[in-house]
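Novice: Sharing a structure, written as structure tokens. Questions coming.
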């Protein structure tokens, strides 16, 4: 035990509660980097605020002081000149459970909950979480473990609460297909029928646009949960950025630990998706798994395996869950990049310049959801969805959603510079390289520069003549459009 | 690419090259925490010093600046006011290899070397090293992988070089037995015979004293490598602290990543030990594996398995390696704690107050080493060792070693306060709880307070009468000796 003056370190990395001791001080207390210490402010009347933190040891500075990173300083409510009492503290039990999983022992619900609680409470370091990821990666998570993980993530995060017995729909796509913005058509269709469909979406990580980026080209997406609940109650749904709602705080931290090696343990993937649906109050969920050599799920066997697991876990969570395997061979729709995808969606909703594949996929999925929740009779879902789309009801509903989320525009600007890429021979388009399409759009500036990206004038199976425009690149930067054009020379379209 | 003013962060955690960007700056560059960036000082004539670092992102501070931790600041030779060019950089190939091992694929020599090179160059974060530890822990390391790991650790660290063909001895104990200071008797015996035996030892981590701590009660142990080489050449050997020589830098970093979960992957344990021997130039190695319910290796089966692996790996490394399984049932010798263990060793060496078990174990081991290197004929090693001990030659040699390493004293002071613990009944001692003995010694102040610890007046098998002193606790602090006495109530001695 030692009393030390507190010194603020003006960094806030949001990783974990951390304090820094000089190596001599650490030596005195027989402490090592990574050890846990208990801090307590001991200034007369205040104080009594205790916090367990992880120790870093510095070779320099902090003589007779303890360094506190900004979030630790704030959490402990330290004032300049305060004295901190430092004690060795015990390791959390969750470390024992993480070790057990790493060694191949299945985890009980209680042990999983202890781990997730500590992940959210910032009581586990990234290194420690990485060992949990390793265990899940190598030994897998059983259905029971996955369900328990899902429940723990939900229990230890924010939640949206709808009325008991209220039907709440959701859909999800296991990414990988450029332009696949069905969400922005399905939500207006379903909510225009009076159903509830609160949708949180992600931003692009490696793609040219996520649904949240595309939506952001027209309105706000970082909307706080209470505001979203108001919107959902008033007009049935919204399309917001999940990161702004924090429905699965534990999941975000585990994703950080998975990032360096791009690890995707199946059980964590399932729990991550299902927890977000569960936390959003959903009880009817449709999951779209695109299958194809260019997307995450390469073959139908793997697709069917995932389908089975999703449906089983949905059942155990008492969520009606349906999974469809879809064609991941080529981009969906014609816009690639936030503004261009937003235009594609709005044109398809308004019926003025329809992308047939986007329309058909959205109608099919909306139809399944309508049948799942018994709004439509069996076999009548597609037709009900079609009527909502063709009557303009879905388009009007989309405008209401955009307005409720703080409308910017219904027709976002695309890049000032454009470059058309033409066919070098006549024939039929037999292959489109999705990854290269995404790369060109990103090099052009998407998603940061919302107007940048591609418009696909031709799609798979189209017949073209030499000189026909295959696709158009948009950008706001001369340097970027030149670079994108260089990438286009690799030629994402194969003509035979 | 962006140019930013450098700001020094006066912390030096020695983990890895790290820089901090404000979250807005990171967003501009599409960078995430854990991403790698390339830094370059761009001040006119200087500059051109490039460094790949790992990014941390802060919620506050560092507006239009880049924060550099002390070691990164120094490495880049930054001066106040300097401008740093920041570029996204690629992930090292070693990450791919770590992922492969995690997924169960054996690693080639080249891939292991790439990982170890990056560990030493601080190009891998603790999270990334943790994934390597996970892979080694779960899938194991084959003999070939272990040998390659050993060679890589040696190649990427400091080495001691003796003459070609020179016999260099070493011994090692897979810890866990309190008071087991055979090293300090074996080295003087062997080197008094003209043999070379450069010994690097560890400090206590969870025990009351390591050999380095015990030696430190009498002389310096943090001696730089060139100085140690001089001593070895002059008098044949030394007993120094391994941490001061840095013979296995990669190993130290891997141990840090193993620390949070106390992970001990067998292959890493073997490589860690053998690399230190190899780097010290040893070619004749004796390894002592204590076996017993209270030590690391619980049963003979596990002991024999380890023996086989050590001998196989020694063979592959062209080091003559012999492994003995010894009795780990009770402490060796009578001193527990740095000064008390030092007294025990010196008394046993001088022959004035001999601890028989310590003497016999040391003679046996020295004998094996003398036969291994053909100094003694087969079956004559023990006798040769005994003569060196009983003639006083080994004791004189130990004094020479202590003097060469900067003698403090030959008879270190023990704690001013003492407390005797007496037998509550008559009978025979049938069990001594090693862990509890260690705990009491540590609570009394060992190893930080060198004079604190225990003197074991009775050992296993001894007959005692009610009221006989079983052991004596020494400490310099009243509070500590009281606490130790409380722990002593649990009673580490069983009498039947």
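Chains as they are written, first to last, in our numbering: chain A, 1349 to 1844; chain B, 1349 to 1844. Yeah, the Cβ is synthetic: ideal placement off N, Cα and C, and Gly gets one too. Note that the structure is a prediction, hence the values are computed from the model and not measured.
#1: With H, G and I counted as helix, E and B as strand and the rest as coil, what does DSSP make of residue 1405 of chain A?
#2: Per DSSP, which one or two residues make a beta bridge with residue 1632 of chain A?
#3: Buried or exposed: where does residue 1739 of chain A fall if 16 or more other Cβ atoms within 10 Å of its Cβ makes it buried?
#4: Can you list the residues of chain A that residue 1414 of chain B reaches, using a CB-CB cut of under 8 Å?
#5: Excluding sequence positions up to five away, which residues of its chain have a Cβ less than 8 Å from the Cβ of residue 1787 of chain A?
#6: The alpha helix (DSSP H) spanning residue 1626 of chain B covers which residue range?
#7: Less than 6 Å between C-beta atoms, sequence neighbours within five positions excluded: which residues of the same chain meet that for residue 1690 of chain B?
#8: Between residue 1828 of chain A and residue 1809 of chain A, what straight-line distance do the alpha-carbon atoms span, to the nearest angstrom?
#9: In whole angstroms, what separates the C-alpha of residue 1674 of chain A from that of residue 1692 of chain A?
#10: Are any of the Cβ atoms in chain B nearer than 8 Å to that of residue 1646 of chain A?
#11: By a C-beta neighbour count over all protein chains shown, 10 Å radius and 16 as the cutoff for buried, is residue 1548 of chain A buried or exposed?
#12: Assuming contact is defined by CB atoms lying nearer than 8 Å, are residue 1534 of chain B and residue 1399 of chain B in contact in what I supplied?
#13: I need the DSSP call for residue 1639 of chain B, collapsed to helix, strand or coil.
#14: Anything in chain B within Cβ reach of residue 1479 of chain A, meaning under 7 Å, just list it in chain order.
#15: Identify each residue in the segment 1432-1464 of chain B for which the Cβ-Cβ distance to at least one residue of chain A is less than 7 Å, and report them in chain order.
#16: Using a Cβ-Cβ cut-off of less than 8 Å, give me the residues of the segment 1377-1389 of chain A that come near chain B, in sequence order.
#17: Have a look at the DSSP bridge pairing and note the partners of residue 1388 of chain A.
#18: On the three-pair Cβ rule with 8 Å, is the segment 1650-1668 of chain A touching the segment 1696-1703 of chain A?
#19: Going along the chain, which residues of its own chain have a beta-carbon closer than 8 Å to the beta-carbon of residue 1613 of chain B, five neighbours each way excluded?
#20: How long is the line joining the alpha carbons of residue 1421 of chain A and residue 1789 of chain B, rounded to whole angstroms?
#21: How would you call residue 1709 of chain B, buried or exposed, if buried means at least 16 neighbouring beta carbons within 10 angstroms?
#22: Take residue 1461 of chain A and list the residues in its own chain whose beta-carbon comes closer than 6 Å to its own, dropping the five residues that flank it on each side.
#23: Is the beta carbon of residue 1721 of chain B closer than 8 Å to that of residue 1543 of chain B?
#24: Please look up how many angstroms separate the CB atoms of residue 1365 of chain B and residue 1402 of chain B, rounded, as I've assumed it's under 8 Å.
#25: Using a 10 Å radius around the Cβ and a threshold of 16 neighbouring Cβ atoms, would you call residue 1436 of chain A buried or exposed?
#26: Which residue from A:1588, A:1513, A:1475, A:1498 puts its Cα closest to that of residue 1532 of chain A?
#27: Mind listing the chain A neighbours of residue 1473 of chain B? Cutoff is C-beta to C-beta under 8 Å, in chain order.
#28: Specify, as a first and last residue, the run of the alpha helix (DSSP H) that residue 1350 of chain B falls within.
#29: For residue 1519 of chain B, which residues in chain A fall below 8 Å Cβ to Cβ?
#30: Within 8 Å (strictly less), CB to CB, does residue 1357 of chain A reach chain B?
#31: Could you tell me which of A:1446, A:1374, A:1619, A:1430 sits nearest to residue 1353 of chain A, measuring between CA atoms?
#32: Would you check if the segment 1806-1820 of chain A and the segment 1572-1591 of chain A touch, i.e. whether three or more CB-CB distances between them fall below 8 Å?
#33: What are the start and end residues of each continuous alpha helix (DSSP H) run of 4 or more residues lying completely inside the segment 1756-1824 of chain A, in chain order?
#34: Taking Cβ positions only, does residue 1485 of chain A come closer than 8 Å to chain B?
#35: Can you give me the Cβ contacts of residue 1748 of chain A inside the same chain, cut-off strictly under 8 Å, excluding the 5 residues immediately before and after it?
#36: For the segment 1594-1605 of chain A, which residues have a beta carbon sitting closer than 9 Å to at least one beta carbon of chain B?
Specialist: So, from the data block:
#1: Three-state DSSP puts residue 1405 of chain A in a strand.
#2: Among the bridge pairs identified by DSSP, residue 1632 of chain A is matched with A:1517, A:1668.
#3: By the neighbour-count criterion, in which a residue is buried when 16 or more other Cβ atoms sit within 10 angstroms of its Cβ, residue 1739 of chain A is exposed.
#4: What residue 1414 of chain B touches in chain A: nothing, since even the nearest Cβ is about 12 Å away.
#5: Excluding residues within five positions, the ones whose Cβ falls inside 8 Å are 1835.
#6: Segment 1614-1627, the alpha helix (DSSP H) holding residue 1626 of chain B.
#7: 1562, 1565, 1566, 1760.
#8: A direct Cα-to-Cα measurement between residue 1828 of chain A and residue 1809 of chain A gives close to 30 Å.
#9: Residue 1692 of chain A has its alpha-carbon roughly 20 Å from the corresponding atom of residue 1674 of chain A.
#10: Answer no: the Cβ-Cβ gap between residue 1646 of chain A and chain B never drops below 8 Å.
#11: With 16 or more other Cβ atoms inside 10 Å of its own Cβ, residue 1548 of chain A counts as buried.
#12: Taking 8 Å as the Cβ cut-off, residue 1534 of chain B and residue 1399 of chain B do not qualify as a contacting pair.
#13: Strand, per DSSP.
#14: Ordered by position in chain B, the residues that pass the 7 Å Cβ test against residue 1479 of chain A are 1478, 1482, 1609.
#15: Of all residues in the segment 1432-1464 of chain B, 1443, 1446, 1447, 1450 have a Cβ within less than 7 Å of some Cβ in chain A.
#16: Those residues of the segment 1377-1389 of chain A that come within reach of chain B (Cβ to Cβ, closer than 8 Å) are 1378, 1380, 1381, 1382.
#17: Per DSSP, the beta bridge partners of residue 1388 of chain A are A:1398, A:1433.
#18: Output reads no: the segment 1696-1703 of chain A does not touch the segment 1650-1668 of chain A.
#19: Closer than 8 Å at Cβ, skipping near neighbours: 1481, 1484, 1485, 1488, 1489, 1606.
#20: Taking C-alpha positions only, residue 1421 of chain A is separated from residue 1789 of chain B by approximately 37 Å.
#21: Taking a 10 Å sphere around the C-beta of residue 1709 of chain B, we find 16 or more other C-beta atoms and assign the residue as buried.
#22: Residues 1500 of the same chain have their beta carbon placed closer than 6 Å to that of residue 1461 of chain A, with the five preceding and five following residues left out of the count.
#23: In contact: residue 1543 of chain B and residue 1721 of chain B (Cβ atoms closer than 8 Å).
#24: Going by Cβ atoms, the distance from residue 1365 of chain B to residue 1402 of chain B rounds to 7 Å, so yes, they are a contact pair.
#25: Per the 10 Å Cβ criterion, exposed.
#26: Ranked by Cα distance from residue 1532 of chain A, the first of A:1588, A:1513, A:1475, A:1498 is A:1588.
#27: Residues of chain A passing the Cβ test: 1608.
#28: Element bounds for residue 1350 of chain B: not the alpha helix (DSSP H) but the beta strand (DSSP E), 1350-1357.
#29: Near residue 1519 of chain B there are no residues of chain A at all, since even the closest Cβ is about 27 Å away, more than 8 Å.
#30: At least one chain B Cβ lies under 8 Å of residue 1357 of chain A.
#31: Cα-wise, what sits closest to residue 1353 of chain A is A:1430.
#32: Pairwise C-beta distances place the segment 1572-1591 of chain A out of contact with the segment 1806-1820 of chain A, as fewer than three of them are shorter than 8 Å.
#33: Taking only runs of at least 4 residues, the alpha helix (DSSP H) segments lying wholly in the segment 1756-1824 of chain A are 1782-1792.
#34: Output row for residue 1485 of chain A: interface = yes.
#35: Hits under 8 Å: 1583.
#36: Look at the segment 1594-1605 of chain A: the residues with a C-beta under 9 Å from a C-beta of chain B are 1604, 1605.
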